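A.B. asks:
Residue numbers (mature numbering (1 follows the signal peptide of the UniProt record, and there is no 0)): -22 to -1, 1 to 411.
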């Protein structure tokens, strides 16, 4: 599996750049080292080494960035005809697309086809603006409480009539990352900075008994959203790590860290008053207040909070974390991601009547079920996110519980975020970012 992924990366990079071997950078220039052999998952087949040696480095993100820059400088992202016919423009995968990305319409994999938003209302009494509507790209679509109508210029546009979608809570530019995902997620390491709202929560156990790990998400500049069950035990202190990726690499430090002593951390943690684990696991949500504002930067940005219309059963959402890679296994050293299928609360409740341990599923929960894929211990409190049509990521769930990890026909269960927004607003005290 690893070898196939690495070969795909190598072929992708060569296709991006069209380079000859003489133009490929030396191993050391991308942070690797030339060795006779590498541990599983560390080999980078593209950068050069001397004879009979291979380049060893776990993350390929830096190498990909180098080759993408080369592709940009050589003009590979000139507008392709297929993309242009769709009304789009091919741009570098490093650039954010503010509308919709159309897959497979650019010749080079270092480029994606970004649909241009030039929708305008027709003039006259039949124009969209006269109906009190708003012209949007059909690919973006109208919100759930709007209806489509005519009155816009261009066959790729539609007139959305009705109240606009409610504003996202807190931060106007929430849910945007500098790195655009370029692959199907299947349980693998993330790119550095791909999910800049992810927070690593390290809880120091009493009596020097090691550490426990939970996940969280930055929702405004001084508040982190996580799970209440992470705080059922009293700890000797807590560390919040923002912008982190690899937890064991001393050279790859987090961008920002907040440290709480044993005497003070409990004053900054707020669990939902109606949380009642382990009987029901309902309202499994907590908030952590930081000591001052967390500085937003490339690897630290807030996520949007999900709305009811963002929960679409049958679609896929993504969960991220440093949790166990298998049941009763070990925590991952790097931030991982996996795409999971959303199932209805009814289906989830029915399946949990036939598992070795039964659970009550409430309307305050969301469930996922994908064979051999799941969140696990150590992912608790982390975000379940969904990408909405405008390209932003919204958090629809918080990792809560399940029977073991990826157990056959046992869904993963998450706290449903849109059901908790009232309590979040009350606890954080304002709508400000």
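Where is the CB? At the ideal position from N, CA and C, for every residue including glycine.
All of these numbers come straight from a predicted model, not from anything done at the bench.
Tell me whether the beta-carbon of residue 364 lies closer than 8 Å to the beta-carbon of residue 374.
C.D. replies: Here residue 364 refers to the residue found at position 386 of the chain shown. Here residue 374 refers to the residue found at position 396 of the chain shown. For residue 364 and residue 374, yes; Cβs fall inside 8 Å.
A.B. asks: Given residue 43, which residues of its chain have a CB within under 6 Å of its CB, disregarding the five upstream and five downstream residues?
C.D. replies: Mapped onto the chain shown, residue 43 falls at position 65. Note on residue 43: pLDDT 46, under 50, position unreliable in the model; no value is reported.
A.B. asks: Let me check one thing: in DSSP terms, what residues is residue 136 bridge-paired to?
C.D. replies: In the chain shown, residue 136 corresponds to position 158, counting from 1. According to DSSP, residue 136 bridges with 114.
A.B. asks: With distance defined between alpha-carbon atoms, name the residue in 249, 274 and 357 nearest to residue 296.
C.D. replies: To locate residue 296, count along the chain shown from 1; it is residue 318. Among 249, 274 and 357, the Cα nearest to that of residue 296 is on 357.
A.B. asks: Taking Cβ to Cβ, would you say residue 204 is nearer than 8 Å to residue 193?
C.D. replies: Locating residue 204 in the chain shown gives position 226, where the first residue counts as 1. Locating residue 193 in the chain shown gives position 215, where the first residue counts as 1. Against a cut-off of 8 Å, the Cβ pair of residue 193 and residue 204 comes out as a contact.
A.B. asks: Identify the residues that DSSP records as bridge partners of residue 203: which are they?
C.D. replies: Here residue 203 corresponds to residue number 225 of the chain shown, with the count starting at 1. According to DSSP, which records beta bridges pairwise, residue 203 is partnered with 195 and 265.
A.B. asks: Hey, how far is the Cα of residue 85 from the Cα of residue 233?
C.D. replies: Here residue 85 refers to the residue found at position 107 when the chain shown is read from its first residue. Here residue 233 refers to the residue found at position 255 when the chain shown is read from its first residue. Approximately 36 Å between the Cα atoms of the pair.
A.B. asks: The beta strand (DSSP E) that contains residue 348, what's its start and end?
C.D. replies: Here the question's residue 348 lines up with position 370 in the chain shown. Where residue 348 is concerned, there is no enclosing beta strand (DSSP E), given that its DSSP letter is neither H nor E.
A.B. asks: Please state whether the Cβ-Cβ distance between residue 225 and residue 315 is less than 8 Å.
C.D. replies: Stepping through the chain shown from its first residue, residue 225 is reached at position 247. Stepping through the chain shown from its first residue, residue 315 is reached at position 337. No. Outside cutoff.
A.B. asks: Between the C-alpha atoms of residue 150 and residue 283, what's the straight-line distance to the nearest angstrom?
C.D. replies: Here residue 150 corresponds to residue number 172 of the chain shown, with the count starting at 1. Here residue 283 corresponds to residue number 305 of the chain shown, with the count starting at 1. If I take the Cα positions, the gap works out to 11 Å.
A.B. asks: In the DSSP assignment, find the beta strand (DSSP E) that holds residue 67 and state where it starts and stops.
C.D. replies: Taking the chain shown and counting its residues from 1, the one referred to as residue 67 is at position 89. Counting along the chain, the beta strand (DSSP E) containing residue 67 begins and ends at 66 to 70.
A.B. asks: Which residues share a DSSP beta bridge with residue 317?
C.D. replies: Indexing the chain shown from 1 puts residue 317 at position 339. In DSSP, residue 317 forms a bridge with 296.
A.B. asks: Flag this pair as yes or no: are the beta carbons of residue 320 and residue 351 separated by less than 8 Å?
C.D. replies: For the purposes of this step, residue 320 is taken as residue 342 along the chain shown, with counting starting at 1. For the purposes of this step, residue 351 is taken as residue 373 along the chain shown, with counting starting at 1. Taking 8 Å as the Cβ cut-off, residue 320 and residue 351 do not qualify as a contacting pair.
A.B. asks: My understanding is that residue 221 touches residue 266, with C-beta atoms under 8 Å, so please give their C-beta distance in whole angstroms.
C.D. replies: As a working note, residue 221 is residue 243 in the chain shown. As a working note, residue 266 is residue 288 in the chain shown. Residue 221 to residue 266, Cβ: 16 Å. No contact.
A.B. asks: Of all the options 139, 89, 367 and 218, which has the alpha carbon lying nearest to the alpha carbon of residue 293?
C.D. replies: If you number the chain shown from 1, residue 293 lands on position 315. The shortest Cα separation from residue 293 among 139, 89, 367 and 218 belongs to 367.
A.B. asks: With a threshold of 16 other CB atoms inside 10 Å of the CB of residue 188, please say whether the residue is buried or exposed.
C.D. replies: Sequence index remark: in the chain shown, residue 188 carries index 210 (1-based). Flag for residue 188 reads exposed.
A.B. asks: Can you name, in chain order, every residue of its own chain whose Cβ lies under 7 Å from the Cβ of residue 412, other than the five neighbours on each side?
C.D. replies: There is no way to answer for residue 412, as the model of the chain reaches only from -22 to 411.
A.B. asks: Can you grab the Cα-Cα spacing for the pair residue 68 / residue 58, in whole Å?
C.D. replies: Along the chain shown, one-based indexing puts residue 68 at 90. Along the chain shown, one-based indexing puts residue 58 at 80. Roughly 7 Å between the two C-alpha positions.
A.B. asks: Return yes when the Cβ of residue 200 is within less than 8 Å of the Cβ of residue 247, no when it is not.
C.D. replies: On the chain shown, position 269 is the one that residue 247 refers to. On the chain shown, position 222 is the one that residue 200 refers to. No.
A.B. asks: Hey, residue 388 and residue 333: beta-carbon distance below 8 Å or not?
C.D. replies: As a working note, residue 388 is residue 410 in the chain shown. As a working note, residue 333 is residue 355 in the chain shown. Closer than 8 Å, so yes.
A.B. asks: So is residue 449 buried or exposed if we call it buried at 16+ other beta carbons inside 10 Å?
C.D. replies: The structure shown does not extend to residue 449, since the chain is modelled only from -22 to 411, so the question has no answer here.
A.B. asks: Assign residue 408 to buried or exposed, taking buried as 16 or more other Cβ atoms, counted over all protein chains shown, within 10 Å of its Cβ.
C.D. replies: Mapped onto the chain shown, residue 408 falls at position 430. Classification for residue 408: exposed.
A.B. asks: Would you report the Cα separation of residue 154 and residue 330, rounded to the nearest angstrom?
C.D. replies: Along the chain shown, one-based indexing puts residue 154 at 176. Along the chain shown, one-based indexing puts residue 330 at 352. Each residue's alpha carbon lies about 35 Å from the other.
A.B. asks: Would you identify the three-state DSSP class for residue 243, choosing helix, strand or coil?
C.D. replies: As a first step, residue 243 must be located in the chain shown, where it is residue number 265. In the structure shown, residue 243 sits in a helix (DSSP, three-state: H, G or I).
A.B. asks: When DSSP builds the beta bridges, which residues end up paired with residue 380?
C.D. replies: On the chain shown, residue 380 is found 402 positions in, with the first residue counted as 1. Answer is 390, bridged to residue 380.
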